[in-house]
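Residues in the sequence shown are numbered from 1 upward in steps of one, following UniProt numbering.
First up is the structure itself, then whatever we jot down about it.
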Amino acid sequence: MTISHSDMVKALAKPGEQIAAELNAEDAHLMHMAIGISGEAGELLDAIKKQVIYRKELDLENVIEELGDLEFYMEGLRQGLGISREQCLEANINKLGTRYKNFQYSNENAQARADKPEGQ
């Protein structure tokens with residue numbers, strides 16, 4: 001079967017009306033927080049890009065502001081999901097402890113990703 005990319009998108013994209021009809025307050029909150037994280041991460045990335053690529057002095061005040069904004073949205077997301085920052089940090093320590101023996105970085109372990117089932 002041959003299909004144009006445009007027609008494929010029309011066929012596969014979930015209609016906005018259906019998304020809106022299925023949306024509840026909890027899901028709207030989670031989406032708001034996740035979009036906020038993405039937006040603030042982009043702003044942080046832009047600040048770092050200006051230093052690394054354009055060789056401008058790092059605007060540390062802006063970086064602190066963007067990191068604070070990220071914390072705001074991450075906390076909102078955690079609250080919406082009923083999880084704590086401590087749970088996330090503990091899970092991250094466990095994951096990286098599995099990936100990196102004795103918590104020592106190596107390129108080999110970074111690529112092997114022992115914390116993931118094979119094929120992921």
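Beta carbons are placed, not taken as given, at the ideal position from N, Cα and C, and that holds for glycine.
The three-state secondary structure of S4, taken from DSSP, is coil.
Scanning the stretch 6–44 for uninterrupted alpha helix (DSSP H) segments of 4 residues or longer gives 16–22, listed from N- to C-terminal end. Annotation for N109: the continuous alpha helix (DSSP H) segment containing it runs 107–112. Remark: C-beta atoms of L30 and L60 do not approach each other more closely than 8 Å.
Here the alpha carbon of L70 sits roughly 10 Å from the alpha carbon of E43. In this chain, the alpha helix (DSSP H) harbouring Y73 covers 60–81.
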